[in-house]
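Participant:
Here it is as C-alpha cells:
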C-alpha cells in the first residue's frame with residue numbers, strides 16, 4: 035500500500051512529464067510544506083499528519099477565495115479555486131450526510147454528551163474519524179444543533 039507522501043510524489047512526477055506548470059507549482063508547494071514540518075520536528079510524517087497538512091493548505095485556499103471574491107478579484111479567486119481542486123484529489127472520499135449524522139449521534143451517545151459544555155469532548159473524539167472526509171465547521175454546526 036502506498037503512503038500519501040508516495041502518492042503525492044507520483045502525481046508530481048506525472049505532472050512534470052505532462053508539463054502542467056500550474057498543477058506542478060501547487061504540488062511542489064505541498065511537498066515543501068510537508069518537508070518543512072519534517073525538518074522542523076525531525077521526524078517522518080505519517081499519512082494522518084500529511085492529511086492534516088493538506089487540510090491546512092485547503093483551508094488557506096478557501097479563505098483566500100473568500101477574501102478575493104470580497105475584493106472583487108474573480109481572476110485570483112479562480113486561480114485559488116484551481117489550486118484547491120488540485121489539493122482536494124489527495125483527500126479521502128467524503129462522508130455522506132447519513133454517515134456523518136450517524137457517526138455524530140454515536141459519538142454523542144458514547145461521550146454521554148447532554149449540553150453545549152460537552153461539545154469539545156465530542157468534537158475531539160470525532161476529529162480523527164472525520165479527518166479529510168468532512169468539513170470540521172459543518173460537523174461542529176451539526177453537533178451544536180444536536181446538543182442545543
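Residue numbers (the numbering used here): 35 to 182.
Yeah, the Cβ is synthetic: ideal placement off N, Cα and C, and Gly gets one too.
As the structure is a computational prediction, the values presented were derived from the model and not from experiment.
If you run the structure through DSSP and keep just helix, strand and coil, what is residue 129?
Facilitator: Taking the chain shown and counting its residues from 1, the one referred to as residue 129 is at position 95. It is coil, neither helix nor strand.
Participant: In the structure shown, what three-state DSSP assignment does residue 79 receive?
Facilitator: Translated into positions along the chain shown, residue 79 becomes position 45. Of the three classes helix, strand and coil, the one that applies to residue 79 here is coil, per DSSP.
Participant: So what does DSSP say about residue 124, is it helix, strand or coil?
Facilitator: Along the chain shown, one-based indexing puts residue 124 at 90. Correct three-state label for residue 124: coil.
Participant: With distance defined between alpha-carbon atoms, name the residue in 107, 90 and 136 nearest to residue 118.
Facilitator: Numbered from 1 along the chain shown, position 84 holds the residue referred to as residue 118. Comparing Cα positions, the closest option is 90.
Participant: Would you say residue 167 and residue 128 are within 7 angstroms of each other, going by their C-beta atoms?
Facilitator: For the purposes of this step, residue 167 is identified with residue 133 of the chain shown, where counting begins at 1. For the purposes of this step, residue 128 is identified with residue 94 of the chain shown, where counting begins at 1. Yes, Cβ-Cβ distance for residue 167 and residue 128 is below 7 angstroms.
Participant: Can you look up residue 119 in the DSSP assignment and give me helix, strand or coil?
Facilitator: Along the chain shown, read from residue 1 onward, the residue named residue 119 stands at position 85. Three-state DSSP puts residue 119 in a helix.
Participant: Please list, in chain order, all residues of the same chain as residue 138 whose beta carbon is under 8 angstroms from its beta carbon, the five residues on each side excluded.
Facilitator: Reading the chain shown from its first residue, position 104 is the one you call residue 138. Cβ within range, chain order: 156, 160, 173, 176, 177 and 180.
Participant: For residue 114, tell me which candidate among 62, 68 and 95 has the shortest Cα-Cα distance.
Facilitator: As a working mapping, residue 114 is identified with position 80 in the chain shown. Here the closest residue by C-alpha is 95.
Participant: Indicate whether residue 121 and residue 88 have their beta-carbon atoms separated by less than 7 angstroms.
Facilitator: Position 87 of the chain shown, counting from 1, holds the residue named residue 121. Position 54 of the chain shown, counting from 1, holds the residue named residue 88. Yes; because the gap between Cβ atoms is below 7 angstroms, this pair is in contact.
Participant: For residue 110, which residues of its own chain have a beta-carbon under 7 angstroms away from its beta-carbon, when the five flanking residues on both sides are left out?
Facilitator: In the chain shown, the residue the question calls residue 110 occupies position 76. Here the set comprises 102.
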